[in-house]
Structures are given as C-alpha cells and as structure tokens.
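Chains as they are written, first to last, in my numbering: chain A, 17 to 273; chain B, 17 to 273; chain C, 64 to 315; chain D, 64 to 315; chain E, 770 to 1065.
So the structure is just underneath, and the comments pick up after that.
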Amino acid sequence: MQDYFLSIKSLKVLYEQKGETVTALDSVNLSLNQGKRGVIIGPSGCGKSTLISVLAGLNSNYSGEVLIDGRPPTIGGETAMILQDFGLLPWKTVWDNVVLGLKLRKRTTAEINVAVATLLEKLGLCSLAKRYPAQLSGGQRQRVAIARALVLEPRLLLMDEPFSSLDALTREEIQDFLLEIWEETRLTILLITHNIEEAVFLGQKIFIMSSGPGHIQQEVENGLAGASHLRGKVQFLEMCSSLRSFLRGRYSDAATA
Amino acid sequence: MQDYFLSIKSLKVLYEQKGETVTALDSVNLSLNQGKRGVIIGPSGCGKSTLISVLAGLNSNYSGEVLIDGRPPTIGGETAMILQDFGLLPWKTVWDNVVLGLKLRKRTTAEINVAVATLLEKLGLCSLAKRYPAQLSGGQRQRVAIARALVLEPRLLLMDEPFSSLDALTREEIQDFLLEIWEETRLTILLITHNIEEAVFLGQKIFIMSSGPGHIQQEVENGLAGASHLRGKVQFLEMCSSLRSFLRGRYSDAATA
Amino acid sequence: MRQPLKKGLGTMSLVISIIILLFVWWLLALALKSPAVPPPLGALKSFLTSLRGELLIHLGISLYRVLVSLILAAAIGVPLGIFLGKNPEIDARIAPMIYLTYPVPKVVFMPIFLILLGIGDISKIVLITLIIFYQILVTTRDAAKNLAKGYISSVRSLGACSRDLYLHVFLPGCLPSILTSLRLGLGTAMAVLFLAETYATQKGIGFFIMDSLSRMNYEEMFAGIIAMGLMGFILYIMLDKMEKALCEWVHL
Amino acid sequence: MRQPLKKGLGTMSLVISIIILLFVWWLLALALKSPAVPPPLGALKSFLTSLRGELLIHLGISLYRVLVSLILAAAIGVPLGIFLGKNPEIDARIAPMIYLTYPVPKVVFMPIFLILLGIGDISKIVLITLIIFYQILVTTRDAAKNLAKGYISSVRSLGACSRDLYLHVFLPGCLPSILTSLRLGLGTAMAVLFLAETYATQKGIGFFIMDSLSRMNYEEMFAGIIAMGLMGFILYIMLDKMEKALCEWVHL
Amino acid sequence: GQTKVTAVKTAPEKLKIGILPLEDAMPAVVAEKNGYFAQENLDVELVRFQSAVEQESAIQSGQLDGIVNDLIVAALLKESGQNIKVTSIALGSTPEEGKFAIVAAPKSGINTLADLKGKKIGIANNTIIEYVTDGLLEDGGIDPSLVDKVSVPKIPVRMEMLFSHQVDAIVVPDPLLTFAEFKGAKIVVRDTARNLSQSVVIFNQKTLNEKKGAVEAFYRAYANAVDDLNNHPVDYQQVMIDNVNIPEQIAKDYQIQRYPKPQLPAEEDVNNILKWMTKKGLLKTDLKYQDLVEKI
Ligand SMILES: Nc1ncnc2c1ncn2[C@@H]1O[C@H](COP(=O)(O)OP(=O)(O)OP(=O)(O)O)[C@@H](O)[C@H]1O
Ligand SMILES: Nc1ncnc2c1ncn2[C@@H]1O[C@H](COP(=O)(O)OP(=O)(O)OP(=O)(O)O)[C@@H](O)[C@H]1O
Ligand SMILES: [Mg+2]
Ligand SMILES: [Mg+2]
C-alpha cells in the first residue's frame, strides 16, 4: 500500500442544529499523492466545501480518518486555503489582507514586500493595494483571496471555487499562473470547481462527488491536465463531454432512484 | 428613433473616497427592448455590477441618462435583482428571505405560500426552507437569491452572475427554468455572466464591455439564444469561440495599447 | 469547535461563582476587620431572616420599577437610535444635543422631575428611564450605523419602504446590540435604584440597602446586596434566554 | 446616497443644539418658577465668571480622573471582554459572577474602597473605573461573541495563533463596539463624578456642582453643569474623530 | 389629650411634610401614629427622605408644604429665593437637645481640642456639621483654619473613615455619636455648652398664607405628641427604632431625649448662624431674623 500525502478514509461529517441533523459527507474515501493536483466536482450542496474545511482543520467534528502527510489536519501550518466566501477581513486593506499570513509567519518586512508586490502584480491587483475589500468588485475580491493563499507558498493548497467570479480570460490567465507556480514548487493542490473545462485543465486526478450526503463516486485519472496547448482541442473537448455525460447520467440515475 | 424599454446614454459613474476617485463607468450607451434578454460580459472590475446597481436604483450618484420604461430607475417597484453577493438576510430563514419581497408587496398569505413553495420546489430548495443562510452551501445560497428575485414576477430582472456558484448541470437546469419563466411572462432580463456559453445560450443581445472605466465595446445580436437543442452543437460552439476570440483580441489590443 | 453547553453547567458555574464570591468576601472581611464588611455568614443569615420579612416586597417593588423603566427606555431609545443610525445627516444634527446632555448627572434634574411629576413612583421611573435611555440610544444608534450597507440595499431592492427597513433590517440586525444595551441598562437601572428609592418611599431594595447603610446595619445591608445581586442575576439569565430565542441566527 | 457632511455643518448643528437646549431650559425656568431651575442667562453669566475663577482647575482635575478611569477600565475590560467572547465555555463560567456583581450599586462599596485605598484620588478613580469597567466588558464581550465566525476561521487558516486572532480579528472587528462602550463609559464616568467627588476633595467639577447644590447656589450649579456638558461634548467629539480614524472601513 | 372637635366636619386639609430618619422627626411621627392629626381633621402625609438633597429638591419643587431640617438649610432656601419661614424649633431649644460632638478615632491619642491642630477631621461642608465644628473649635480657642477639614457628606462613610483611620476625628450628631463612643471612639468635645445646633420646622410661605388654619392645627397635634414623648419616653422606644437611624447595637439602650414645645428659635442663635454663613460666603443678601421666622 502506498503512503499518500492526502488520505481520507470513511469520512463522515454531520451538522447538528436544534434537533435536526444534516449529513453533509458520508463514507468519503479520497487519496492524493504529494505534488499532485486533484480537482473535486459535484453538485451544489454535496459537501465539497465541508470536505475542504475538514482538510483545512477548520472542522474537527468528523468521524473517520483524515491524514495529511500522515498527521491529522491542523489549522494553519503548511496548508493554505481559499474559502468560497473569500474570508477577507473588511478592516484590512488589500495589501494588509495579503500580507497578513506572512506576517503571522514572522517573515521580514523586506521579504514580505517583495513577495506580495510580485504576486499582486501578477494578479492585476497592484493599483488596488490600498483599497478595502468593500471597495472592490467581486472578481477583484476573489483575486485578493487567491493572492493571500498563494503568497504563503504552502505545501498543500485547498481552493474552494477560486475562479468562479472571474471572466473567462482572467480565469485562464490565473489558471496558467497557478500551473506555473505548481511547476516551480510542486505543491499539492486540491481544488473545487463547477467548471468542467477547468477540472480537465487543472486536475491530474478528478474526483466526482455524488449529491445527497456526498461521497466520491468516481475518480478519473486525467492525462490531459496542464497542457495549455490542448485547450479547446478535440481531445480536450471529448474529455470534457465525457465527464459531462457521466455527471448527467449520474443525475438521471438519482432522478429515477 | 425607437423607444427602448431600457435606455442608457453616456452614463458615467465615479466612486469617490478620501481624495481618490475611481471611474467605474464612462460613456456607457446601452438599450434593450421590452421583453428581451440582454447579457453583459466583460473583464473583472470593468463596472458590470456598478451598471446593474445604477439600473436597480441602488446607486443614484451617476451622470448621464438612464431610463427604464421612460423613467429614471427607482428602487423596488417592478425591478428585481440578484446581487453578486446574494444579499440574503442572515436573520431570516430561507423561507422568510424568499417570502419577504411578496410580503412587502402585501400579497395574501395564501398567494405567497403557493408561489414560494412552487419556486423552492423548482430550485431544489424545499428541504432547506427552515434553515438560515449560514447553514447553506454556496450554491444553495445562490439559488435562494434567485428564488427571491423570481418570486416577485418583475417586469425587469437584473442578475449579477446569478449562476456562478452552481455546478454545470444545476446551472443548465436553472437556465432552462429561467427561459421557461421568460416564455410565460416575457419579462425583460439583463444578466451579467462570465460564462460565454451562458451568454450565448441566454442572451438575445450580448453586450461586451471594455476593461478600465467600462463602456459597451460591442453589441452582438444572437440568433442562437434560447435554443436548448443547439447547446453543444457546432453552430453554438462557433458562436462561443468567436465571442471568445473577440474578447481575446480586445485584450491583446489593450496590452499593446 | 463550539460544543453545546451541558445542561448542568449553568447551575454548576453559578454555584461555583457564588462560592468564589463568598470566599473573596470572606477574605476581605477577615482582612479588613471592619464592620462595613461583615463576614458573609452573618449577611447570609440576615438575608434568610429578611426573606421571611419584607425583603420580597422590596424586591418586587424594585423589580416593577426597573422593568417599567427598562421597557420605557427601550421603547423610546431603540426606535430613535435606529432612526439616527439610519439617517447620518440627522444624527449629525442631533448628536451634539445628546453629547451635551448625556454626561450631566441626572440628580441635578431631580427638582425638575419633582415639580413636573410629583414625588411618587412616576418621578422615580422617569429618573431611571432617563439614565438608561441614553445607553440604549447610543448603543442602538452605533449598531444601526455600522450595519452592513449590503443588507439595506438588498431589502430596498425588494421594494421596502422606510418602515419595512426598520422592521426587516435594522431591528433584527441591531437586535444583538440592543440586547447588549438592555444588559447594560439593567445593571445601570439597578445601580441607580439607590438614587431613586431614597425619597418618598419606604419600599424597594434600593431603599432597603440605603436605609440599612444609614443605620449602619451592615449585615442587613449586605443581605440587601445579596438580594439585589440575585434579582439582577435572574433578570440577566432571562435576557440571555431571550437572546437565544430571538437571535438564533447569531449562534449558528 | 451618503454624501460627505459639509465642513461647517458640525459647528452649525452644535450652535443650533445649544440654542435649542438653552431655549428649552429657558422655557422650563419660566414655567417652573423654581429657584432650583434658574434662567439660562444667570447661569451663563455665572459660568463666565467661574471660568475666570477656579472652574478650569475643577474641570482639569475631573478630566484627569475621568480619562485615567476610562483608560484603566478599557485596558482591563477590552481584553477580558474579548477573551470571554472568544471562549464561550469560559464565559459561561464567569458570566454568573458578572451578572451577580454588576447590578450592585458601587456606592455601597465606598467604605471598602476608602479603607483599602485611602481618601485620595486612587479610591475615586477605582470607583469610577469599576463602574464603567462592567459596561466596557459586557459590550466588548457581546461584540466578540457576535463576530462572524468566518473571519476567525479565515485568519486561523493563515496560521494565526490565539494572540494573532486578538490582534487581527477580535480587536479590529470589535472596535466599533468598543468605541460605543467608551462613549457610554465616558457618559457614565462623568455622571458618577458627583458621587466620587463628593467626598474628601475640594476639587473637580463633581465637587463644584454638588458643593453649589449644597449651598443651594443654583446659578453656580448650572454653571458647573454647562462646564460639564461642554467637557463631555469635547471628549465625545474626540471619540468620534478617533472612530473616523480607526474604523475607516466601516464608513465605506 | 383630647382636643376640640370642629363643629362642621369638612374634608380634611392636606399637609405634606418631608422628614429625614433623624431624631427631630419624632414628634411628627408620634402625632401621626397617635392619630392627633386626624383629630384635628388634618391629612398629614409624612414624606420620608433618606438624604437632605432630595428633601430640599422636593420643597423647592412645591411638592411639600414643610420639612424638618436645620437652620442652615432654612437660610439657604431663603437665600436661593424659596419663600419659606421657620415656624418652630424641632430640637435644640437648649444646648442639651440635638447633641453633636467632635469624636476622635480610638488610639489616635487625641484628647483635647488642641490635639486636633493639623489633624484631618471629617465633616460635611456647608452644613450644620461644619457650623458646629467651627463653633466648637472657636469656643475652645482653636482657629478652625488650623485643622484639615475633609468633607464626607455621608455619615456612615464618615464613621467608617474614622474607624479605618483615614481621618483622625469626625463630627457627628446623635445617635451616631453614642454609637461611635460605644465602639471605642473618644469624645473630644460636645456642643452642650453653647446652643449651636437647632433642628427646625420649615414651611412654605404659600402654605402659611393659604392654609394658616391647617398649620395651626398641625402644631396643636405636634404639641400633644411632644407631651406624650416627654411624659412616656419608654413607650416610644420602638417607634424611634423604626423611624430613626440608630445602629442596632445601641438601639435598645438609647434614651429618647426631651423635645421642646413648639417655639421660635432664639434670635441670637439664628444671628450667629447667619453671621457664620455670611462669613463663609453662603449668604450674599442681608438676611434678618425676622425674614426667616414666623410665629404661628
Ligand atoms: N452550518 C450548517 N448547518 C447545517 N447544514 C449545513 C451547514 N453548512 C452546510 N450544510 C449543508 O451541508 C451540505 C454540504 O454543504 P457544503 O457547503 O459542503 O456544500 P458544497 O458541496 O460546497 O456546495 P456548493 O457547491 O453549493 O458550495 C449542504 O447540503 C448544506 O446545506
Ligand atoms: N465602493 C467602491 N469604491 C471604490 N471603487 C469601487 C467601489 N466599488 C467598486 N469599485 C471599483 O469600480 C470598478 C467596477 O466595479 P464593479 O463591481 O462594477 O466591477 P464588475 O464589472 O462587477 O467586476 P466583477 O466581474 O469582478 O464583479 C472596479 O474597478 C472596482 O474596483
Ligand atoms: Mg461550497
Ligand atoms: Mg461584479
């Protein structure tokens, strides 16, 4: 048996509130090697964000086994995450929001300034550094959240629909940028998306989650991932449409069940 | 000269804050006939949300002429909108959030109950009626926001990236549902999206906005809109890719400029 | 992370708190050796004796005065506070008035109250009301001011008029802060009982304590303090329960 | 919608407020015809005369006492309040202690303070501090409790330890409420001056007012009240300015 | 004693009298308790206050017809523009009545007035307490400016400060004076030599003008009560404990003092007070004995 960097076994997560119990995840099994890029797709409400929050150590109220590099998830550390609602602090400017993680890690100011400036530049946020989140457009906020996670140079990067508010072109640019970073640092990435093209472009392994109490229904090894030149080519589109049909089939299954 | 339902002439919007002035929109001209579906696409931060908020009457700090059915925009009334950040009230349950608009319009309880229950059913939210927004997944929240706007049966529906957090299939279902409603009521719709397929599928008129201080750079009449059977067909894909190239071209123009 | 508090925890921590307070008190009494700080045992005995006597009546009357004042102050302070928070231009005009009058000790207005309202319960209630009114007003105003603008535009876009905004946005949105101000107001109201109940009354826990003090019957005075503490405590618990019920959404 | 308030508006509404207050006062004085409510003109004259006298010294000393108390109370109340708001389990244990002791009128502890701290400034400052401490504590605690959980998890995921959370989430997130509690505390502190400065001192605006009252020199007393109102007003304006500077993000 | 019953039974006239929980209120309390007011067809409401400030506010606001307080308060009220008159002494027709004293802390080593020089002495500013203090010091040949007067208005607090040695001496009236002695404090000097302190009954001029008959009737009832108190003091021990602030430890043994029949204060005593007040700057107008008193 292989030692996975990320290994989840029979994970079950319940939300309990005044009597009512919601089963968000049930018997989730998932594993990912170090330095791989995994993508999760699945219907709305199936528990993707819940899964990410468990991995990030934000939700420790689960049963089952969750191991990151052999240890149960802890908050902070070498994991960075992008929350679905961005999680920017309204009382900090863009710059301060992005800088925060490095400051907490006690980096020197010089180091911080260089790293952050470069990243903001890359994400087209330079001119916005002094604004507060409330003064940004939706996509700008999302990019700040991306910057905030990337600047940490984490070993594990958890991203919850990180590009959902970006226009197609900016989205592709940032996807490319993410790949660049991955090439450089070979970090492990787990990304949630609703965009099938994105899944195919980024995910070396694609996990398809079922609706209802979510579990991993299908795991797809994807050889096309990361190949910029294939984008929009027949091979690529075929992979997308096969994924789409799978999802559609699963859906109608659920409908008849 | 024609009388448009929606008519914007040389609209300019500035955000002013402690000295700094941000020009969000400059010389925007846009018009849409009654009962038509318009879609706006454009790069992140180009001013799409700003435009919608002006039309919704939320931002009256603009110069230029904005007319809806001949009158300047007022808040409420026969316009409904879906905000980019959903704008759900955290202290109201899903049910109460959706019901609110009708209550404010003094509909009878019986009327309200029927309308809301049907809509929640359609959007797959029935079982969530008693939950608070904080207890929902991102996509579920977005659907609540959609329900809240649709239940009002407005004459003008303004939607700011309304389907961005939905998985591909749910998204298509709700797109279809929106078309159904449109067929029935022939309301006027103006929708912002980053998804080019969505733009082509929904938009009878597609407005492409420039980056920077945004203005309408291109208006595309789209004969393919609303044809479910064409989705994924060659014609459809060609339209998408021509739009994409246009956007890309415009981008590289900007880069060389 | 947040686990539901066990059922018994409430009572247990109450008991522990009381024990700690009594212990500190006992230490103080030992250390100071002053009649002004009687040992807790004597005070407790006196408390029990008084309970059989008129203490309950005193408590009841004070409770009535405090509650009426609190309700009155909230009934005026909350809508006015929301109104000012909602309309910063008007607030900018009214604020100086508030800021000029709030710090003035209300005792100096006593003659005015007495002339206008007589020496009965009404003047007492108005005095207490006035003092806590400011606290509720300022807290509610600040909360309304700081309410995220997004909620307001969201509900306005649904066609809400001004009244609807109060009802569906400002009131529920400020409710947590309003409850905070009620907590503060409650404490203040009880603390100013000693002002309001020193004239033209022989009833009320404030009278009881100040009367014991002036007779230098410190054990009885501390019996009154115990009673006051317990009464306040029960009211606080009720406010906490109210918050749990009304602000469910905060605790998700 | 929200337009920047014009520069002069502040001063103008101050002037208008003062005129309205004086007018109401004048009406009251006319209607009540009681020596306890002198007409504003006499009080103003007395105010001007007193200003040339020792009034400024009284104000200065009170200002010192109020500010020291406010800073002390905030220095203890804010961290403790955040700590309790952040840790609901501990709060559940401590809350009974707060709820039991808050409503007890602090005047009854005056003898204890005097015994422990002497008759100097310290006992006065401690008395004021104690009273406003509760207000700051409860407000801050409630604000910390109601802070959106999302911010906390977001910053924890960046690797924040407990101390970082205080600094980057709780403190800035609760700052608007803390400033509210400082406003309340300021008002309360000034209002209890008349308690704290009635014993063992010949200085302070509280002394000035209560001394005038005991001499039934009502014009002088109202001169003191005017001074107190103005002093409070200036402090409030400073708090407002502070808020503008510190909580920029709220006003976007 | 039985008094004449008015021929025509009209609605009883109302009088509101503000009292403090002090010895000087006893005759009024007893008159109420024994039904003497009712016999006079009077409806007297004794409004109880715990501190003089509120009592003064109440008479100024016209809520009261009269109060029982001291001459300094009477003069201050008059000075402030309140039209009142002192109509009788409640306590203090002789120096023996209404006892005050300078009390030194136990083990303070203060035995005589001379020992007080430079020492802290707890008083209440601008009140009868300060007047008595100055009077006692001057009579003992000590310049009042040589002692360090510390104002502590609340008597219980003043007492506590004495016993916790925050001050070296205090000035208090009876019964707390007896209580302080009981607890080991040393009496330095009593005001039994010269008549410094008088409690008086003060009426609003308006009441005196409009309800002259009622005030006369009040005094008839009052005089009856004084007789009762002086003749059977023991019978009223419990009434006193209930209505006067007396520490429990001495309550049982504390003797009810003699009360004077209604009479006006002596002109000399009043003038002394007015002179002192003028010197202290408490009086700006030239108040005369005649302005202040009215014989019923
Ligand atoms: N605090 C909560 N209390 C109760 N139920 C919750 C809570 N948070 C989430 N849920 C429910 O748990 C399920 C999984 O939620 P989760 O946010 O993980 O979904 P998701 O896969 O991220 O969906 P989306 O794609 O819409 O973001 C949903 O059905 C949601 O309603
Ligand atoms: N309150 C504000 N103060 C200052 N600038 C603002 C404010 N709100 C928006 N902006 C700026 O105005 C521009 C237009 O914003 P808008 O939200 O309309 O963009 P958008 O087209 O909706 O972008 P997105 O697709 O990212 O949502 C952006 O550059 C943004 O930074
Ligand atoms: Mg999610
Ligand atoms: Mg937008």
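Virtual Cβ for every residue (Gly too), placed ideally from N, Cα, C.
Using beta-carbon distances, LEU194 (chain A) does not count as an interface residue toward chain D, since no partner is under 8 Å. Secondary structure of LYS785 (chain E) (DSSP, three-state): strand.
By the Cβ-count criterion, THR95 (chain B) is buried, with 16 or more other Cβ atoms from all chains shown falling within 10 Å of its own Cβ.
Shown in chain order are the members of the region 262-286 of chain C whose Cβ falls below 8 Å from a Cβ of chain E: TYR262, ALA263, THR264, GLN265, PHE270, MET273, ASP274, LEU276, SER277, ARG278, MET279 and ASN280. Within the chosen limit of 7 Å, ligand 1 does not reach the beta carbon of TYR229 (chain C) with any heavy atom. Using a Cβ-Cβ distance cut-off of 8 Å, the region 100-109 of chain A and the region 42-61 of chain A are not in contact, since fewer than three pairs of beta carbons, one from each stretch, lie closer than that value. Residue state for PHE869 (chain E) is assigned as strand, using DSSP reduced to three classes. Proximity of ASP112 (chain A) to chain B, defined by a Cβ-Cβ separation below 8 Å, is not satisfied. Within the same chain, and ignoring the five residues on either side of LEU276 (chain D) in sequence, the residues whose Cβ sits closer than 7 Å to its Cβ are MET284. Among the residues facing chain C, VAL141 (chain D) is not included, as its CB has no counterpart in that chain under 8 Å away. Short note on TYR31 (chain A): C-beta closer than 7 Å to some heavy atom of ligand 1. The continuous beta strand (DSSP E) containing MET225 (chain B) extends over residues 221-225. Proximity of GLY1050 (chain E) to chain C, defined by a Cβ-Cβ separation below 8 Å, is not satisfied. Judged by DSSP in its simplified three-state form, ASN810 (chain E) adopts coil rather than helix or strand. Scanning chain C for C-beta atoms nearer than 7 Å to the C-beta of TYR197 (chain D) yields GLY250, reported in chain order. Residues of the region 929-941 of chain E with a C-beta atom less than 9 Å from some C-beta of chain C are GLU929, PHE932 and SER933, listed in chain order. Distance between PHE972 (chain E) and ILE272 (chain D), taken at the CA atoms: about 26 Å. Within the same chain, Cβ atoms closer than 6 Å to the Cβ of GLU260 (chain D) are found at GLY267, GLY269 and PHE270, the five residues on either side in sequence being excluded. Pairing ILE1019 (chain E) with PHE951 (chain E), the inter-Cα distance amounts to about 8 Å. Interface annotation for the region 182-214 of chain A against chain B: LEU182, ASP183, ALA184, LEU185, THR186, ARG187, HIS210, ASN211 and ILE212, criterion Cβ-Cβ distance under 8 Å. What you get when you keep residues with a C-beta closer than 6 Å to any heavy atom of ligand 4 is A:SER153, A:GLY154, B:LYS64, B:SER65, B:GLN100 and B:ASP176. The DSSP assignment places complete alpha helix (DSSP H) segments of no fewer than 4 residues inside the region 156-213 of chain C at 173-180 and 184-209, in order along the chain.
A direct Cα-to-Cα measurement between ALA163 (chain A) and ALA308 (chain D) gives close to 27 Å. Under the DSSP assignment, LYS847 (chain E) falls outside any beta strand (DSSP E), being part of the alpha helix (DSSP H) whose first and last residues are 840-848. At least one CB of chain E lies nearer than 8 Å to the CB of PRO174 (chain C). Runs of the beta strand (DSSP E) spanning 3 or more residues and lying entirely within the region 60-105 of chain A occur at 78-84 and 95-98, in chain order. In this structure, the CA atom of TYR214 (chain D) is about 15 Å from the CA atom of TYR148 (chain A). Within the region 238-256 of chain B, no residue has its Cβ closer than 7 Å to any Cβ of chain C. The beta-carbon distance between VAL1062 (chain E) and VAL855 (chain E), rounded to whole angstroms, is 5 Å. This is short enough to meet the 8 Å contact definition. Not one heavy atom of ligand 1 is found less than 7 Å from the C-beta of CYS142 (chain B). A Cβ of chain C is located within less than 8 Å of the beta carbon of MET291 (chain D).
When rounded, the separation of the alpha-carbon atoms in GLN251 (chain B) and GLY219 (chain B) is 15 Å. Relative to ligand 1, the beta carbon of SER181 (chain B) is positioned inside 7 Å of a heavy atom.
If you compare the alpha carbons of B:ALA241, B:GLY242, B:PHE223 and B:LEU240 with that of GLN233 (chain B), the shortest gap goes to B:PHE223.
Relative to the non-hydrogen atoms of ligand 2, the Cβ of LEU315 (chain D) comes within a distance shorter than 7 Å of at least one. Sorting D:GLY287, D:PRO235, D:ALA254 and D:GLU282 by C-alpha distance to the C-alpha of GLU306 (chain D) places D:PRO235 at the top.
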